[in-house]
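Enquirer: Dropping a structure here in structure tokens format, bear with me for questions.
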Amino acid sequence: MTMDLLKGVSNCLGPLVVASGEFRGDVTVEVPKARIAEVLARLRDDPNLAYDFLVDLFGVDNLDLYEKAAKPKKKTEGEGDAAEEPKPAGPPPPRFEVIYLLLSLSTNRRLHVKVRVPEDDLSVPSVTGLWKAATWPEREVYDMFGIRFPGHPDLRRLLMWDEFPAHPLRKDYPLEGRGEERILRYE
Amino acid sequence: MNDWVIAIIKVVFIWVWTLLVAVVMTWVERRGAAMIQDRLGPNRAGPFGLFQPLADGIKLFTKEDIIPANANRILFILGPILFSLPAFSAYAVVPFGDKIVIAGKEIILQVSDVNVGFLYVVALGSMAVYGVIVGGWASNNKFSILGGLRSTAQLISYEVPWGLALLAAALVYGTFSLREISIAQQGTFLGFLPNWGIFRQPLGFLLFIVAAYAEANRVPFDLPEAESEIVAGYHTEYGSMRLGLYLFGEYVNLCTLSALMVTLYFGSWHLPYLNMEAFLGPISYGIASFLVFFLKVSFFLWLFVWVRWTVPRFRYDQVMGLGWKSLIPLALANLFVTALAIQLTV
Amino acid sequence: MVNECVVNAGHSTGDYVTINIGPSHPAMHGTLRVIAQTDGETVVKADPEIGYLHRGVEKLGEHLTYHQFIPITDRLNYCSAIANNVSYEMAVEKLMGLEVPEKAQLIRVIMTELARIADHQVLVGILGVDLGAFTPFFYLIIQREEIYEIFEWYNGARLTNTFGRIGGVEADLPDDFDARWRELRPNLFKAIDETDKLLTHNRIWMDRTIGVTAFSPEDALAWGFTGPCLRACGVKRDLRKDEPYGLYDRFTFDVPIGKNGDVFDRYMIRMKEMEESIKIIDQAYAMYQEMAPDAPLMAKVPKVIKPPVGEVYHATEAPNGELGFFIKSDGSDKPYRIKIRPPCYMVYQAFPELVKGEMIADLIACLSSLNVIAGELDR
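Residue numbers (this note's numbering), protein chains in the order written: chain H, 50 to 236; chain D, 27 to 372; chain Z, 127 to 505.
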């Protein structure tokens, strides 16, 4: 079934699919970042796929994965050769990912669409024009990872306060914080 | 006995009595709510928690008196006083019994039998709105001002059907004096009903009770202090005894309104089909009439509690709609029909 | 300046007054805050501010092992902690490819549905309180207490249950579950019935709820609504039916749907769902009783959970809607990234749209009916 799904998605998207994978029945396709809005619109409007519901979208910071891969270290036995594993040579892979979870209400099938966001170009086109549901999740990704969404109507911080100087879900941000709460004192 | 002494005794008595009723009402309200809601309610202070109002009073008195920094100090202090004074004064013209004869002197159980009795009540009722709006405005808080606004709109809107309902009653009895109205309700109506105002003015009573709930800011008309919407409405910023005055004033208001309902529509101190005066001594009759009156008032006080814990709250526009689109036309129709009936029968 | 926030929120723009509702306000459940521009009593614009209960749950997840994260999930929707626990455990089980024994799944179903009833009871009760009807709250909360008794009897906690383990459940149902359920069941129906009598056909209640903040199904889907709020709009979607997980395909139950998506429909959906949940518990308990007493409760799970590298998303139908956990594993004993998809988060972002042009009292009613739980909203 997942093979059918993958075939359908590649038929719909054609060369836009950069990579694809399947794990425990969850199908993931990776697409170029600049064309994400077009990809999602096509997936939504394709009569066979009809991914008409945006479940969620969120960011992932892969910094630690790359650091671990860069360090010469003995492999743990659980690790396979998954798509995220970067090649040791070549230019550094994009640090961030934004993952869109799509759902088709008619067929009840789900699809993960992934875009990679390099650290020097932290922006992904907004999909709020397709689904209003993306409004807060995009704000949250901006808040937590610092990825901007050009085209978003109201891109402010969502969970942290406006003056907060960091993006807390990045892997280089410590769990205990950097003492930002001291800034919040009322003078 | 000097008339002055009697007058002072009556004033003190009515003062203490309404205060006591108000205090006990806070207990009844809480225990009643608990009873309705399957829980215990306050039961720690004294037997059945009867001393709870006392504890609350001590708490309110000993709490720090806070006036917000940006409040208008004078008006802030004035607000609760403006609210509670009319509430306390309004009872002056409402009877609490028929009469008692002590040492050959007939004493009317009413502070003052003013011949424009219920105009006085209506006038003082509209005074209370100043306390609310002044308190709400002086607090310099948006929730307070919203509460004050709602209260003002509501009180003014519901005064109209209230007044019209009273007017119809005045037409029936041909007097504004509450004592005369009470006396007129003795005997039977149409031969088999007690000669009570409710049978002469059923629609009038309905209008009156609805308007009374609105006047008293009680559920379902408690929007001026709707807790879930505007925190505590006009008394959001109040604490200690100033808040106490507002709450007290409200319960005294309930007392006055209930007494008014009994006086106008439920035969005052009369028992149905029974003339107590005929077989009771002068003193015992006085006490009995007071007790009968009080019993009826208690029922309406309980009704206030009962309704409060049963129905949800209206929305602002629905209150206004009900007042202006339903109650006022009905009150006018009631007045018209009453006038017509009187014209035809007299 | 004493308090910057209040002063900033006090700016009036044009002819409108800005009212700052929350984060400390009787009707703001938890720590929500709405900055509303009002024209008299009418709300012109409402801007929800969230994040007052942001505890960095997702960040925490990256530093805790898979098992250690279960108690954290209690603190998402604290009205129905068990539903969160089960949802998270199922996501990890999917990641590990574990098959959970049937008996454990039945216990999960029973407990989750009890949690759903408890959650709905709180919602209906609080909705009543916010609309001025105080009494139904107690009728419902007394029975919720009994449900909590069962939870407490089962695993020692009332609110934050930390129910279940990855790969199964920790213990069998307590011996007296049968007696307790037999006692509780009619009382639940009675509480629902009494609430129904007090509210549903009450004229004031109907005036306050019917047509208030109605939402069309198209809008609801575009905004990412799930769960009762979506069903209230007339979309028949319930993950228990549409993407049956666990054993839900074996039970027969109805998915009640509304018509207008207004406050009344959201309320009615919850009232009906409570009864459906009781139906499911009955069936699940009947199936449970047929199981062997010594049937396994746990799958074969290693002591240290180290899932293979990969990422999964698993969603369950929590009382509020689709509660999903996205877990990315890097092969270590801690998740690399956990993303929680809280149902009320998606619903609450449509709040400005929902209350635009309604009155302040409706804003409160709408907020209550959406069942926004700050714990899962801010995470």
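C-beta: ideal position from N, C-alpha, C; glycine also.
The structure presented is a predicted model; accordingly, all values stated were derived computationally and were not measured.
(1) If L192 of chain D sits next to V148 of chain D, beta carbons under 8 Å apart, how far is it from one beta carbon to the other, in whole angstroms?
(2) Just list the beta strand (DSSP E) runs in the region 174-237 of chain D, keeping only unbroken ones of 3 residues or longer that don't cross its boundaries, in chain order.
(3) Using a C-beta cutoff of 8 Å, does D368 of chain Z count as contacting chain H?
(4) Looking at the unbroken beta strand (DSSP E) that takes in V169 of chain Z, where does it start and where does it end?
(5) Is the shortest distance between the beta-carbon of G129 of chain H and the beta-carbons of chain Z less than 8 Å?
(6) Where S213 of chain Z and T178 of chain D are concerned, what is the direct C-alpha to C-alpha distance, given to the nearest angstrom?
(7) Under the rule that 16 or more other beta-carbon atoms within 10 Å means buried, what is S150 of chain Z, buried or exposed?
(8) What residues in the region 327-351 of chain D have a beta carbon less than 9 Å from any beta carbon of chain Z?
(9) Identify which residue in D:I40, D:L229, D:G223 and D:I309 has its Cα closest to the Cα of G200 of chain D.
(10) Between the C-alpha atoms of E225 of chain H and H216 of chain H, what's the straight-line distance to the nearest angstrom?
(11) Quick test of your reading: L423 of chain Z and P300 of chain Z, contact by CB under 8 Å. State the CB separation rounded to the nearest angstrom.
(12) Would you decide whether G349 of chain D is buried or exposed? Buried here means 16 or more other CB atoms lie within 10 Å of its CB.
(13) Does DSSP classify L55 of chain H as helix, strand or coil?
(14) For R73 of chain H, which three-state DSSP category applies?
(15) Which residues in chain Z have a C-beta closer than 8 Å to the C-beta of P217 of chain H? List them in chain order.
(16) Could you please give me the residues that DSSP links to H161 of chain H through a beta bridge?
(17) Which value, in whole angstroms, describes the spacing of the CA atoms of A340 of chain Z and D391 of chain Z?
(18) For a test of the three-state rule: what should DSSP assign to K181 of chain H, helix, strand or coil?
(19) Where do the ends of the alpha helix (DSSP H) carrying G143 of chain D lie?
(20) Mind listing the chain H neighbours of A217 of chain Z? Cutoff is C-beta to C-beta under 8 Å, in chain order.
(21) Just to confirm my understanding: we take P33 of chain H, look at its own chain, exclude 5 residues before and 5 after, and list those with CB closer than 7 Å. What are they?
(22) Using a cut-off of 7 Å between C-beta atoms, extract the partners of F351 of chain Z located in chain D.
(23) So, using beta-carbon positions, are R206 of chain H and D192 of chain H closer together than 8 Å?
(24) For the alpha helix (DSSP H) containing K362 of chain Z, name the first residue and the last one.
(25) Quick one: is Q269 of chain Z buried, meaning 16 or more other Cβ sit within 10 Å of its Cβ, or exposed?
(26) If you measure from the beta carbon of T326 of chain Z to each beta carbon in chain D, is any gap under 8 Å?
(27) Count the other CB atoms within 10 Å of the CB of L361 of chain D; is the residue buried (16 or more) or exposed (fewer)?
(28) Can you find the residues in the same chain that come closer than 6 Å, C-beta to C-beta, to F477 of chain Z, ignoring five residues on each side of it along the sequence?
(29) So, E402 of chain Z versus D388 of chain Z, is the Cβ gap smaller than 8 Å?
(30) What are the residues in the region 433-445 of chain Z lying within 7 Å of chain H by C-beta distance?
(31) With 16 as the cutoff for other CB atoms within 10 Å, does W307 of chain Z come out buried or exposed?
(32) Counting only C-beta atoms, is E403 of chain D closer than 8 Å to chain Z at any point?
(33) Alpha carbon to alpha carbon, how far is V435 of chain Z from T125 of chain H? Give it in angstroms, no decimals.
(34) By how many angstroms is the C-alpha of A285 of chain D removed from the C-alpha of F169 of chain D?
(35) Under the DSSP definition of a beta bridge, which residues are partnered with A444 of chain Z?
(36) Can you tell me whether DSSP reads L324 of chain Z as helix, strand or coil?
Expert: In terms of the structure at hand:
(1) Contact between L192 of chain D and V148 of chain D holds: their C-beta atoms lie close to 7 Å from each other, under 8 Å.
(2) none
(3) Yes, its Cβ sits closer than 8 Å to a Cβ of chain H.
(4) T168 to E175
(5) Note that G129 of chain H scores 47 on pLDDT, short of 50, meaning its location in the model is unreliable; the coordinates nonetheless yield the value given after this. By this cut-off, G129 of chain H is an interface position.
(6) 51 Å
(7) exposed
(8) R334, W335, T336, V337, P338, R339, F340, R341, Y342, D343 and Q344
(9) Answer by Cα proximity: D:G223.
(10) The straight-line gap separating the alpha-carbon atoms of E225 of chain H and H216 of chain H is approximately 13 Å.
(11) So it is not a contact: roughly 13 Å between Cβ atoms.
(12) buried
(13) helix
(14) Correct three-state label for R73 of chain H: coil.
(15) G182 and K185
(16) Under DSSP, the beta-bridge partners assigned to H161 of chain H are H:T77 and H:L150.
(17) 9 Å
(18) helix
(19) G143 to A164
(20) Correct list: empty, because the minimum Cβ distance to chain H is about 10 Å.
(21) Past the edges of chain H, shown from 50 to 236, lies residue 33 of chain H, and the structure says nothing about it.
(22) None at all; the shortest Cβ gap to chain D is about 24 Å.
(23) yes
(24) Unbroken run through K362 of chain Z: none, as it is neither H nor E.
(25) In summary, Q269 of chain Z is buried, with 16 or more beta-carbon neighbours lying within 10 Å of its beta-carbon over all protein chains present.
(26) no
(27) buried
(28) Closer than 6 Å at Cβ, skipping near neighbours: P174.
(29) no
(30) P434, V435, G436, E437, V438 and Y439
(31) buried
(32) What the structure shows of chain D is the stretch from 27 to 372, and residue 403 of chain D is not part of that stretch, so it cannot be assessed.
(33) Confidence at T125 of chain H is low in this model, with a pLDDT of 49, below 50, so its placement is unreliable and no value can be given for it.
(34) Distance from the CA atom of F169 of chain D to the CA atom of A285 of chain D, rounded to whole angstroms, is 32 Å.
(35) In the DSSP output, where bridge partners are listed per residue, A444 of chain Z has Z:G447.
(36) helix
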